[in-house]
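Chemist: Below: one structure in structure tokens.
Protein chains: 4
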Amino acid sequence: MAAILDRVNRGRLEAFSDGVIAILVTIMVLNLRPPAGDSFGDLRPLVPKLLVYVLSFVMLAIYWNNHHHLMTVVERIDGRVLWANMGLLFCLSLMPIATAWLGPNWRASGPALAYGLVLLAAAIAYFILTVQLLRIHAADSRLAVAIGRDWKGRLSLVAYVVALLAAIVAPLVAIAIYIGVAVVWLVPDRRIERVTVDRAGPPG
Amino acid sequence: MAAILDRVNRGRLEAFSDGVIAILVTIMVLNLRPPAGDSFGDLRPLVPKLLVYVLSFVMLAIYWNNHHHLMTVVERIDGRVLWANMGLLFCLSLMPIATAWLGPNWRASGPALAYGLVLLAAAIAYFILTVQLLRIHAADSRLAVAIGRDWKGRLSLVAYVVALLAAIVAPLVAIAIYIGVAVVWLVPDRRIERVTVDRAGPPG
Amino acid sequence: MAAILDRVNRGRLEAFSDGVIAILVTIMVLNLRPPAGDSFGDLRPLVPKLLVYVLSFVMLAIYWNNHHHLMTVVERIDGRVLWANMGLLFCLSLMPIATAWLGPNWRASGPALAYGLVLLAAAIAYFILTVQLLRIHAADSRLAVAIGRDWKGRLSLVAYVVALLAAIVAPLVAIAIYIGVAVVWLVPDRRIERVTVDRAGPPG
Amino acid sequence: MAAILDRVNRGRLEAFSDGVIAILVTIMVLNLRPPAGDSFGDLRPLVPKLLVYVLSFVMLAIYWNNHHHLMTVVERIDGRVLWANMGLLFCLSLMPIATAWLGPNWRASGPALAYGLVLLAAAIAYFILTVQLLRIHAADSRLAVAIGRDWKGRLSLVAYVVALLAAIVAPLVAIAIYIGVAVVWLVPDRRIERVTVDRAGPPG
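Chains as they are written, first to last, in this note's numbering: chain A, 17 to 220; chain B, 17 to 220; chain C, 17 to 220; chain D, 17 to 220.
So, in structure tokens, the structure goes:
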């Protein structure tokens, strides 16, 4: 009964998170307005906006991907997990405005700083979510094994802090660091994938 | 058969409600426009808008959370429950415009009054939803036990009425009351959580 | 196997339809912009927009409700059903723009005509969807019994045609007819509810 | 266990894809703004925008439909499939802006070219998704049989390249080719439907 209940709860938590992330991914594109002219060259000013959109899309896709992998090993959730998850969604909901500001102003310090702060806040919120999940899972649970030392999460936090400092003097360095973090995360979370496969037996 | 049918119905009701709430939470962020300038200080005028967004995000998250907890103990739904739920979603759908108006005008009476009216309408709609659910559940059902006396719901209604009166002369007092109600609700509905755990046995 | 496959298909069709309708319901509210001023009286010009929004919200809710009831008795779907459903969603997707035009121009013929055309198109699309479903269900299937003579659907079609003619000379009469149709449909589809209950036995 | 896990994974991948496509379909309609005037004739300038919207709606519906049919024969997914799917969603997310540009500028080369590039990118992304799926399915799996030679996919790629060349000198020819491709795809993927039915036995 408890297991079924938790599956229902987890299912609805996932569905809600999916909904919010799917909408965030999509409304970012509303900031890409078609050019006033009608020649192909008029698209040129859109290029930096499009590239920043790609970066934000990848970042949100990484969060969806990691959230998805994390949830497959979650055995139960409670009120605090729900709220930690809401905190993560709130931080991610600031991505569209940070993206809209950075797009046309990618050479300025302010938008690079704001973008990094949103990324840092989301990373901290994700960390809090894992802490809240570990609190209600056994030390030898698949979740605990899967999360393990979380070097990627810690590395990201350090990288974002460095990027924020860099943003003040060299915004492009900050953006390069954001891209670097995305590349590191782009590989789906092997820790969890390994555990899943080990427990589930070889696919096939 | 009836039970299966009701699970299907309930599932789709939840999915639709989740979809609407997820979209409402997200489109509120569309009202946060990036500043015209590119220095970090240009974000300052966004601060009150961001704070009102936080309040509205928390309010919608509370409704999602309570709706989620409520639905876990629902055994059946009918046409009137569907429409009561639609009424709730309609009231919540006015949150984005109320938020967009209050954000930059948080010192004025009008927006504080409108924001409170939307909150009051949503609270009444939620109350009607519980009444419609109680109508088709036994007096000793998990739902009936879980809802119990609903002191929080009643307290909120009283608080909103007081806040509406306060808004006319002191908008900030009204906003303080809205925040206070959010804090009271922030704790997930222990009444229902307790029943769920009691019937389900200890987790694990 | 076929049954399971159809349940999966039906589930995803419902989920997609729910998603689209949930978004349509919600983005209509984006057309309600907060007033420029900050006094409560500044909301007055919003009143007609809000009332038209209520009507459109109810119309979309009716479609969701009827779609929901219809799907509970569907046993299988095929490609043509999928496309008939897409046709319905397309027609419904024109509700936001029709609503945005009618809101501030409720005394003019053009918007009342356009609004009615969208409603008529949606009603025809829903009718086509039921025809496509009946094609692949037995004459004594729960679906066929539930749809029956569909006097409401036919009445709506006639009412919309009358309303379109009325819109040319008296837009308010057309709007009154739209409201009348909504009231008739507001009661959830008893035909299907009756069949569902008969087959499922009394609830409880 | 692996099968259950994959069903869960597949389910959430489908739900996320459905969410994104449902939102894309719907936000395209935000670019259809109501006319400034209030006479029915004021809708005339909207006609080309509406027709381009119909084309884009059909294109996205085709992708949803094909994605839906494809997923019913998928037995497992992995990280690379998730990312190939994200790539497809990214390409599709550019449809609204391409639609918004082509709508009022359907006689110009630039928008026809941009629209075609988005369609080509989406077609390539879908092809990559099938390649990634085939990589982890047996040569005699239902998926492999269902995809088969994929002459429609190859034809589309060739057609889009031809259309892009045509767009430079004759945008209307390019648009005609886009419409032609849509018509070819409009029929749901019989390859997969046939396999599904064969394996599942006759419906009924």
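A virtual CB, placed ideally from N, CA and C, is assigned to each residue, including glycine. Remember, it's a predicted structure, so these values are computed and weren't measured experimentally.
(1) Whole angstroms is fine: what's the gap from residue 26(D)'s alpha carbon to residue 159(A)'s?
(2) Using 8 Å as the limit for Cβ to Cβ distance, is residue 55(A) near chain F?
(3) Return the residue from the list 104(C), 82(C), 96(C), 126(C) that minimises the CA-CA distance to residue 95(B).
(4) Listed in chain order, which residues of the segment 62-79 of chain D have Cβ atoms closer than 7 Å to some Cβ of chain C?
(5) For residue 28(B), which residues in chain C fall below 7 Å Cβ to Cβ?
(6) Would residue 37(C) and residue 201(C) be called neighbours here (beta carbons separated by less than 8 Å)?
(7) If the cut is a Cβ gap below 7 Å, which residues of chain B does residue 121(A) touch?
(8) Using three-state DSSP, classify residue 96(D) as helix, strand or coil.
(9) Is residue 54(C) closer than 8 Å to residue 47(B) when the C-beta atoms are compared?
(10) By Cβ distance, which residues of its chain are closer than 7 Å to residue 115(D), with the 5 residues on each side in sequence left out?
(11) Could you list which residues in chain B have their beta carbon closer than 9 Å to that of residue 112(C), in chain order?
(12) Assuming residue 101(D) and residue 135(D) make a contact with CB atoms under 8 Å, what is their CB distance in whole Å?
(13) By the three-class DSSP mapping on this structure, what secondary structure does residue 54(B) have?
(14) From residue 143(C) to residue 167(C), what does the alpha carbon distance come to, in whole angstroms?
(15) Identify the continuous alpha helix (DSSP H) that holds residue 167(A) and give its terminal residues.
(16) So, helix, strand or coil for residue 1(B), using DSSP?
(17) Run down chain C in chain order and give the residues with a C-beta less than 8 Å from the C-beta of residue 126(B).
(18) Would a C-beta distance cut-off of 8 Å place residue 109(B) and residue 187(B) closer than the cut-off?
(19) I'd like to know whether the C-beta atoms of residue 149(C) and residue 42(D) end up nearer to each other than 8 Å.
(20) In chain B, which residues lie less than 9 Å from residue 144(A) when you measure between Cβ atoms?
(21) Note the first and the last residue of the continuous alpha helix (DSSP H) segment covering residue 83(C).
(22) Do residue 130(A) and residue 117(A) have their beta-carbon atoms positioned less than 8 Å apart in this structure?
(23) Going along chain D in order, which residues have a C-beta closer than 7 Å to the C-beta of residue 138(C)?
(24) Can you grab the Cα-Cα spacing for the pair residue 140(C) / residue 65(A), in whole Å?
(25) Under 7 Å Cβ-Cβ, which residues of chain C neighbour residue 38(D)?
(26) Counting along the chain, where does the alpha helix (DSSP H) carrying residue 133(D) start and finish?
(27) On a Cα-Cα basis, can you pick out the residue from 176(D), 190(D), 198(D) that is closest to residue 182(D)?
(28) Please classify residue 52(D) as buried or exposed, where buried requires at least 16 neighbouring CB atoms within 10 angstroms.
(29) Residue 154(A): buried (16+ other C-beta within 10 angstroms of its C-beta) or exposed?
(30) Buried or exposed, going by whether 16 or more other CB atoms sit within 10 Å of the CB of residue 175(B)?
(31) Less than 8 Å between C-beta atoms, sequence neighbours within five positions excluded: which residues of the same chain meet that for residue 180(B)?
(32) Using a cut-off of 7 Å between C-beta atoms, extract the partners of residue 102(B) located in chain C.
(33) Compute the Euclidean distance between the alpha carbons of residue 49(C) and residue 63(B), then round it to the nearest angstrom.
(34) Just the C-alpha distance for residue 30(C) and residue 34(B), rounded to the nearest angstrom, thanks.
Modeler: Inspection of the coordinates gives the following:
(1) 20 Å
(2) Absence of chain F from the displayed structure is noted, the protein chains being A, B, C and D.
(3) 82(C)
(4) Among the residues of the segment 62-79 of chain D, those with a Cβ less than 7 Å away from any Cβ of chain C are 73, 77, in the order of the chain.
(5) 30, 34, 84
(6) no
(7) Result: 54.
(8) helix
(9) no
(10) 44, 47, 68, 69, 72
(11) Within chain B, no residue comes near residue 112(C); the closest Cβ sits about 13 Å away, beyond 9 Å.
(12) Residue 101(D) to residue 135(D), Cβ: 18 Å. No contact.
(13) coil
(14) 12 Å
(15) Element bounds for residue 167(A): 167-185.
(16) Here chain B comprises residues numbered 17 to 220, so residue 1(B) is not present and cannot be evaluated.
(17) Within 8 Å Cβ-Cβ: 53, 54, 55, 56, 57, 58, 59.
(18) no
(19) no
(20) Chain B residues near residue 144(A): none, gap ~15 Å exceeds 9 Å.
(21) That run of the alpha helix (DSSP H) goes 62-88.
(22) Taking C-beta atoms as the reference points, residue 117(A) and residue 130(A) count as a pair closer than 8 Å.
(23) In chain order: nothing, as chain D lies at least about 14 Å away.
(24) One C-alpha to the other measures close to 42 Å.
(25) 32, 35, 36, 39
(26) Start and end: 125-151.
(27) 190(D)
(28) exposed
(29) exposed
(30) buried
(31) 129, 132, 133, 136, 190
(32) 77
(33) 20 Å
(34) 14 Å
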